[in-house]
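Colleague:
Chains as they are written, first to last, in the working numbering: chain A, 1 to 197; chain F, 1001 to 1197.
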């Protein structure tokens, strides 16, 4: 599968590149510099739209300079959704506190959209999908929320937490793909690529 | 919580020590050298019995030399169960093939038993619990099973797979605590310790 096809990850996320490597998919990283604005409101549409924008941007630039090459570009976007609202990255500690208060003693959703733009054997393809995982969080006291915020781990993370860090002690369980919550549904990506190539 | 209490992990598993450290619990490692034989047959009883044996063994040895100290010992044991059978570590590649054939296109269970033996403020306590997670595996071809076995990742792993390695691409989803599958239900352990101390 995918022999002699160059894989390009259109994301700067160290977690995504780790997951691809873990799955044995050697790849280069080329980050899209286009603005991340999506029109969609539903979380699954939103993440797929942004994943497409990133993958397409990198695809177009790469294609011009590598006309003879077989390659594919993977774009991805992850959001946390609680009570129907998309939670982005926190702008401040107060913002993080508000988000974590919504998540504690509750179940929320994590959506990752993935877009694959490929040019293999002269044939161009576009393929987009999303994966959803549910995450159940234990009740947290004010002190526990503040202690977690003080670690700084909440910064730069959608929904104000990272499942791989110290927040793990507050997660009662998940339903769905764990790696989807980390930032890339590597299993579904592998299964989809297996069907396509 | 647990200030001035020495935490001892009675396990040589690098994954368990990583999870404890990730949760911010500094600890020492003292591995039990007692034989790992349990009488129980049901997986949840089996893992709790072995966790108790390991924790108690290390507790007794440590206690004799640290009479004045506040400390607790954590023992843990993890098994994979499929169709009511406990799957241990594979004895050969053929054994691994048989186990993975049972797991593919199916849902199995992972049980971790945890035993905590403590001596805090002169009071001794014993506390044991287990956590169960369900794991759904995508259908795998013979070639995919053999490719995975050839990576060597299946060796020394209950059920012949590690969820953190290349096998991740074959896992459709889980229901329950991910870290329980890795080898230590760090969230439940934290919640139980919070109640006790």
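Just so it is clear, CB atoms sit at the ideal spot from N, CA and C, and this is done for glycine as well.
Would you mind giving the Cβ-Cβ distance between residue 58(A) and residue 115(A), rounded to the nearest angstrom? I have them listed as a contact below 8 angstroms.
Modeller: The pair is not a contact, with the Cβ atoms about 10 angstroms apart (cut-off 8 angstroms).
Colleague: Can you give me the start and stop residues for the alpha helix (DSSP H) that residue 140(A) sits inside?
Modeller: No residue range can be given for residue 140(A), since it is assigned to no alpha helix (DSSP H) and is classified by DSSP as neither H nor E.
Colleague: Look up residue 5(A) in the DSSP assignment and say whether it is helix, strand or coil.
Modeller: Coil at residue 5(A), not helix or strand.
Colleague: Between which two residues does the beta strand (DSSP E) containing residue 86(A) stretch?
Modeller: Per DSSP, residue 86(A) belongs to the beta strand (DSSP E) from 85 to 87.
Colleague: Among residues of its own chain, excluding the 5 on either side of residue 182(A), which ones have a beta-carbon nearer than 7 angstroms to its beta-carbon?
Modeller: 15, 19, 163, 164
Colleague: Does the CB of residue 106(A) have a neighbour CB from chain F at under 8 angstroms?
Modeller: no
Colleague: In this structure, what does DSSP give as the bridge partners for residue 80(A)?
Modeller: 87(A), 110(A)
Colleague: Report the rounded CA-to-CA distance for residue 122(A) versus residue 185(A), giving the unit in angstroms.
Modeller: Cα atoms of residue 122(A) and residue 185(A): separation of roughly 27 angstroms, rounded to the nearest angstrom.
Colleague: Is the beta carbon of residue 1023(F) sitting closer than 8 angstroms to the one on residue 1051(F)?
Modeller: Their beta carbons are not under 8 angstroms apart, which means residue 1023(F) does not touch residue 1051(F) by this criterion.
Colleague: Just how far apart, CA to CA, sit residue 1130(F) and residue 70(A)?
Modeller: 50 angstroms
Colleague: Just to confirm, is the Cβ distance from residue 1179(F) to residue 94(A) under 8 angstroms?
Modeller: Contact flag unset, no.
Colleague: Please report the straight-line C-alpha distance between residue 1001(F) and residue 1187(F), rounded to a whole angstrom.
Modeller: 15 angstroms
Colleague: Under 7 angstroms Cβ-Cβ, which residues of chain F neighbour residue 191(A)?
Modeller: 1138
Colleague: Do the CB positions of residue 1159(F) and residue 1080(F) come within less than 8 angstroms of each other?
Modeller: yes
Colleague: For residue 64(A), would you say it is in contact with chain F, using Cβ-to-Cβ distances shorter than 8 angstroms as the test?
Modeller: no
Colleague: With respect to the alpha helix (DSSP H) encompassing residue 181(A), which residues constitute its N-terminal and C-terminal limits?
Modeller: 178 to 182
Colleague: Determine the direct distance from the alpha carbon of residue 1054(F) to that of residue 1037(F), and round the result to whole angstroms.
Modeller: 10 angstroms
Colleague: Just the chain F side, please: which residues come within less than 7 angstroms of residue 174(A) by C-beta, in chain order?
Modeller: 1174, 1178
Colleague: Please report the Cβ distance between residue 1043(F) and residue 1086(F), rounded to the nearest whole angstrom; I am assuming they are in contact, meaning their Cβ atoms lie under 8 angstroms.
Modeller: 5 angstroms
Colleague: Going along chain F in order, which residues have a C-beta closer than 8 angstroms to the C-beta of residue 165(A)?
Modeller: 1022
Colleague: Whose C-alpha, out of 143(A), 126(A), 13(A), is nearest the C-alpha of residue 156(A)?
Modeller: Closest option to residue 156(A), Cα to Cα, is 13(A).
Colleague: Using a Cβ-Cβ distance under 8 angstroms, would residue 31(A) count as near chain F?
Modeller: Residue-level contact by beta carbon fails for residue 31(A) and chain F, as no gap is shorter than 8 angstroms.
Colleague: From which residue to which residue does the alpha helix (DSSP H) around residue 57(A) run?
Modeller: 43 to 65
Colleague: With DSSP as the reference, label residue 102(A) as helix, strand or coil.
Modeller: helix
Colleague: Please report the residue range of the alpha helix (DSSP H) in which residue 186(A) lies.
Modeller: 186 to 196
Colleague: Output needed for residue 1047(F): all residues of its chain with C-beta closer than 7 angstroms, excluding positions within five of it in sequence on either side, in chain order.
Modeller: Sequence-distant partners of residue 1047(F) (beyond 5 residues in either direction) whose C-beta falls short of 7 angstroms from its own C-beta, in its chain, are 1077, 1078, 1079, 1111, 1112, 1113, 1130.
Colleague: Closer than 8 angstroms, CB to CB, is residue 1169(F) near chain A or not?
Modeller: Interface with chain A (8 angstroms Cβ-Cβ cutoff): residue 1169(F) is included.
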